[in-house]
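For the sequence shown, full-length UniProt numbering gives the first residue as 1, with consecutive numbering after it.
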Amino acid sequence: MGSVPNPGELTELTQPSFDEFQHQTSLMTGCTLMWKELSDHISSLEANLMRQSEALKRKIEALDSETKTSLDSLKKRELSIDDSVKIAVNRVELLKKDALKTLNDDNPDGEVDNGDGLLQILKSTCLRMEAKEFWNFVSGRKKDIELLREKIPEALSECIDPAKFVMEAISEVFPVDKRGNERGNDLGWACVLVLESLIPAVVDPLIGKSRMLITQSVKEKAKEIAETWKRSLEERGGIDNVKTPDVHTFFQHLITFGIVNEEELDLYRKLVIGSAWRKQMPKLAVSLGLGDKMPDMIEELISKGQQLDAVHFTYEVGLVDRFPPVPLLKAFLKDAKKAASSILEDPNNAGRAAQLAARKEQSALRAVMKCIEEYKLEAELPPENLKKRLEQLEKTKTEKRKPAAVPANKRTRASNGGPMPPAKAGRSTNAYVSSFAAPPSIVRSPSHPQYPAAVPAYPSPPPAMYGTQTPPTCPYMYSPEASPQLAGSYPGAPMNYPAYGGYGNGIAPAYQQAYY
């Protein structure tokens, strides 16, 4: 057994090491920091889980609400099918009777120049299902487009099958223009007008636009037409070269017949960007399902220098806070000024550079002023300065158009192309510079009237007056003292001189006439 130390015995105490103390301190500090990091991490995880839980809860509630709404809508649609079919059948029977009655009436009453007469003619072609006659009538009355927009939906409701009727009506120019050498007039406006007017005629009478009364066979035919149009893009020069009215007609065709394909959204986007200047494009883009792609499309328009078009798109989808319109409009004006300056510096436009540059800037100013008025941006971008600049450009353009001032003593040629009229006597000099060839050696006698010898249409003077005439040695036919007798203008001498000796018929005199 070891010996037990005596408590009363003094023993040597071991001194603690300072290095050991520092080591212990660093361990405690590390543990404290690690504990704090772990606590913060756990708290962050808990907060994140709570946020995700709340978001998931809101999504579940939204899905439950959408599901309930969809089920209610489906139930309503299911219950309305029988009633809608009954209404459609009764309507078809009524239209059939009206059509048979109309077939016996070859000359419908009513004047085309008034709304009632126009509606009666439209109804007559629709009841008879005469698609070609309907199309010819509509396409030939562009001046009455607003009246047609009002009357065509009512007329199409008289058709037995409005959707099929419309497809047959526009088949002459859509999907492919079949007019051959008669393609002078662009009839895209008529196609869009008829397609837009079809929608009210095919909506369900009970539940509205959520169900279109278009048969499946007609929808399949509409899809074939859309495919034909897309195949013809290569013949039109590709997406970049297709005409905007054709794009508008294609989009309206998809929307009207409800055949928008989500797999072709990229194609729709490219077509929209290529025709973004069209006023209806923002609404069409939303109807085509491009709402989620709008921010990227707006940024693309801005990068291409189409700030004005971007403004219209931002207002359509409610992205004004993300893309403020005033900076975009200012940037658009700045780009227009740069373009005008580049036109002035272009040596290829030396003759018309000023006119083209002014026209470019005027067009930009008018477009921005219209945009300010449309979206009520007067407080953020006052149009007064723009108006002043526009007036300045127009004033400069007007001044350039003014003819140069003609001196008071300058004589102009008569409008009929003949020689200049005689100069007034009494001037400081009697010399006359002619625009014709030099005079021949034979000079007319001063006693002879100062008109050239008559052409064969009039009797010639006797030869005796010319054959023995000796040219005078004096360069003046009259003496200086006799010159005041000729003072004053010829009485009643009109600007267009009578047909005498080559004045009125454009025939040059047989010899040079001398004025003194």
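Glycine residues also receive a C-beta, built at the ideal position from the N, C-alpha and C atoms. As the structure is a prediction and not an experimental result, all values here were calculated from the model.
In this structure, residue 249 sits away from residue 166, with a CB-CB distance that is not shorter than 9 Å. In the DSSP annotation of this structure, residue 243 is not part of any alpha helix (DSSP H), being labelled neither H nor E. If you ignore the 5 residues before and after residue 271, its C-beta comes within less than 8 Å of the C-beta of 239, 242, 247, 250 and 251, all in its own chain and listed in chain order. For residue 290, the closest alpha carbon among the candidates 46, 266 and 274 is that of 266.
Put simply, of 78, 115 and 157 the residue whose alpha carbon is nearest the alpha carbon of residue 129 is 157. For residue 260, the closest alpha carbon among the candidates 223, 196 and 333 is that of 223. Of all alpha-carbon atoms in 262, 330 and 304, the one lying nearest the alpha-carbon of residue 285 is that of 262. Relative to the Cα of residue 170, the nearest Cα in the group 225, 120 and 72 belongs to 225. In terms of Cβ geometry, residue 173 and residue 232 do not form a close pair [threshold 9 Å]. Taking every protein chain shown into account, the CB of residue 151 has 16 or more other CB atoms within 10 angstroms, so this residue is buried. Spatial neighbours of residue 144 in its own chain (CB-CB distance under 8 Å, excluding positions within 5 residues in sequence) are listed in chain order as 118. Ranked by Cα distance from residue 186, the first of 235, 245, 379 and 211 is 245. Here residue 337 has 361 as same chain residues with Cβ atoms under 7 Å from its own Cβ, once five neighbours each way along the sequence are excluded. Judged by DSSP in its simplified three-state form, residue 17 adopts coil rather than helix or strand. Judged by beta-carbon spacing, residue 339 lies beyond the 9 Å limit of residue 302, meaning their Cβ atoms are not closer than that value. In this structure, residue 383 sits away from residue 391, with a CB-CB distance that is not shorter than 9 Å. Here the C-alpha atom of residue 120 lies approximately 18 Å from the C-alpha atom of residue 142. Between residue 207 and residue 389, the beta carbon gap of about 53 Å keeps them out of contact (Cβ cut-off 8 Å). With fewer than 16 other CB atoms across the displayed protein chains lying within 10 angstroms of its CB, residue 344 is exposed. The three-state reading of DSSP puts residue 204 in strand, counting E and B together. Residue 393 is positioned such that its CB atom lies closer than 9 Å to that of residue 365.
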